[in-house]
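Residue numbers (UniProt numbering): 1 to 531. These notes are about the structure you will find just below.
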């Protein structure tokens with residue numbers, strides 16, 4: 001979400017360093033005060049965590065919509081008699097429309113504040129969800145879908161910004177990973193909802209599935225009266241005393257409050273000069289030097305490969321995949337998707353624990369190679385079901401297909417899924433970070449929409465199995481991309497990372513530091529020093 005944060009931060013240009021002389025006691029007096037009691041410190045930590053969880057509810061909306069649509073589409077087709085092309089448009093348009101919501105959400109959050117932008121996103125999503133729930137035709141369904149996409153884009157963008165701005169530095173990494181966890185949890189809830197309501201009539205069940213998605217946005221409405229406004233936005237609006245009051249709620253000591261307030265004011269003062277340099281930044285990105293070109297290959301390429309290896313096709317169309325594998329009952333199809341959602345959620349938690357310990361590149365190797373194997377196995381399983389029906393038990397093909405799909409989302413979640421966002425925020429230097437990350441996000445969202453909107457057409461043209469052989473071939477290319485274009489950034493400062501791109505050859509040949517690989521090989525012996 002780093003690019004989204006930059007989008008929000010770049011929305012205004014009239015910032016100045018503010019005079020705090022009338023709003024505060026001297027910093028020295030704050031430092032002389034007794035330390036905050038342990039019980040009060042823990043209470044503040046719980047409060048920050050609660051604020052981050054409430055803000056992450058927008059990510060649950062996004063995940064739920066992705067998961068629930070995979071089941072809804074089965075019954076929409078029967079109830080509204082929508083065509084295959086209409087299914088693709090309905091499923092795939094969310095990625096493109098939510099991107100528009102994200103881009104407009106940055107400026108909106110600078111005008112009305114972070115938390116009220118989250119509220120606005122929830123209202124727009126609720127309106128879209130209600131329209132979809134009662135839609136009598138495909139046209140009305142699309143209107144609701146477009147509104148829901150804009151609402152999701154608004155909320156998903158600003159929630160990451162809000163969490164980053166209220167989090168203390170020591171907890172920022174963990175708290176800013178909550179939206180990614182919540183997206184996967186939302187997908188799982190969508191799959192569970194599909195299975196739970198599949199027994200209702202075909203006219204009602206998909207409407208209930210969509211209607212349940214309104215509940216998280218209702219909780220967001222309640223949360224707005226609990227969580228504070230972002231202190232950074234309050235400073236930008238020259239409401240310094242209110243910003244200090246918020247910081248007192250979320251900081252460990254009053255000395256930290258004054259330190260963070262000074263940093264926020266300094267950053268706000270720099271925004272005007274940074275805004276004036278924005279045109280030069282775009283010139284540098286569109287006519288890049290060799291070093292910037294390598295940064296674009298890594299930062300934008302990882303976003304592209306995250307999507308064109310077919311993860312959205314696997315998540316959105318898993319019932320279609322399992323049906324092609326031989327599962328007949330709709331309830332059995334949806335039960336299999338629950339296993340997919342559970343696997344995806346569990347492995348994103350594993351990735352969060354490993355990403356700073358093992359490193360980016362080893363996990364990317366494990367992820368891309370594992371995905372390649374699973375995508376190929378899925379193609380084989382679906383092919384055998386069609387052409388070896390008398391030789392092999394149908395149950396073996398079904399089990400192999402479920403195993404391959406679960407394996408694919410597991411390897412995705414442990415590597416290229418979360419690391420994509422980490423790398424996008426690391427490979428670009430500060431002057432290029434906002435625009436470079438945004439460029440990568442646009443490419444990723446558009447690729448996601450194209451994959452989702454073309455999957456059924458490709459499956460009809462070359463079969464579902466053939467489509468996954470194509471994804472497997474693309475995944476092989478992603479392994480080579482990691483080998484040649486992605487450096488290891490673990491444990492390096494942003495300046496060191498920039499120097500790697502300037503030299504251009506420090507990571508060539510897929511170099512992995514010895515200390516990174518040791519984390520993957522358990523040993524009771526201490527390593528001997530080298531050389």
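Don't be surprised by glycine CBs; every beta carbon is placed ideally from N, CA and C. Keep in mind that this is a model prediction, so the values were computed, not measured.
#1: Just to confirm my understanding: we take residue 343, look at its own chain, exclude 5 residues before and 5 after, and list those with CB closer than 6 Å. What are they?
#2: Within the continuous alpha helix (DSSP H) that includes residue 217, where are the two ends?
#3: Would a C-beta distance cut-off of 9 Å place residue 175 and residue 67 closer than the cut-off?
#4: Report yes or no: do the region 117-126 and the region 149-156 share at least 3 C-beta pairs separated by less than 8 Å?
#5: Short of 6 Å in beta carbon distance, which residues of its chain neighbour residue 543, apart from the five on each side in sequence? Order them along the chain.
#6: Exposed or buried, what is residue 445 when buried is set at 16 or more other beta-carbons lying within 10 Å of its beta-carbon?
#7: Just to confirm before moving on: does the CB-CB distance between residue 54 and residue 223 stay below 9 Å?
#8: Taking the beta carbon of residue 233 as the centre, do at least 16 other beta carbons fall within 10 Å, making it buried, or is it exposed?
#9: Here's the rule I'm using: 16 or more other beta-carbon atoms within 10 Å means buried, otherwise exposed. How should residue 282 be labelled?
#10: Under 8 Å, with one C-beta from each stretch per pair, do the region 56-71 and the region 184-201 reach the 3-pair mark?
#11: State the Cα-Cα distance for the pair residue 358 and residue 128, rounded to the nearest angstrom.
#12: I need the DSSP call for residue 428, collapsed to helix, strand or coil.
#13: Decide yes or no for the touch test of the region 206-215 against the region 360-368: beta carbon pairs closer than 8 Å, at least 3 of them.
#14: In its own chain, which residues sit with a C-beta less than 6 Å from the C-beta of residue 73, not counting the 5 before and 5 after it?
#15: Buried or exposed: which applies to residue 280, given that a residue is buried once 16 or more other Cβ atoms fall within 10 Å of its Cβ?
#16: Alpha carbons only, please: which of 456, 228, 404, 101 is nearest the one belonging to residue 376?
#17: For residue 327, which of 351, 385, 465, 63 has the nearest alpha-carbon?
#18: Relative to the C-alpha of residue 163, which residue among 240, 107, 450, 50 is closest?
#19: From 249, 352, 229, pick the residue whose C-alpha is nearest to that of residue 112; which is it?
#20: Does any CB atom of chain B fall closer than 9 Å to the CB of residue 381?
#21: If you follow the alpha helix (DSSP H) that residue 189 is in, where does it begin and where does it stop?
#22: Once DSSP output is grouped into helix, strand and coil, what is the label at residue 41?
#23: Give me, in chain order, the residues of the same chain whose beta-carbon lies closer than 6 Å to that of residue 502; leave out the 5 immediate sequence neighbours on both sides.
#24: Would residue 417 and residue 339 qualify as a contact pair, given that the criterion is a beta-carbon distance under 9 Å?
With the structure as the only source:
#1: 406, 409, 410
#2: 214-223
#3: no
#4: yes
#5: Look at the range of the chain in this structure, 1 to 531, and you will see that residue 543 is not part of it.
#6: buried
#7: yes
#8: buried
#9: exposed
#10: yes
#11: 42 Å
#12: coil
#13: no
#14: 87
#15: exposed
#16: 404
#17: 385
#18: 50
#19: 229
#20: Among the protein chains of the structure shown there is no chain B, as only one such chain exists.
#21: 178-197
#22: helix
#23: 291
#24: no
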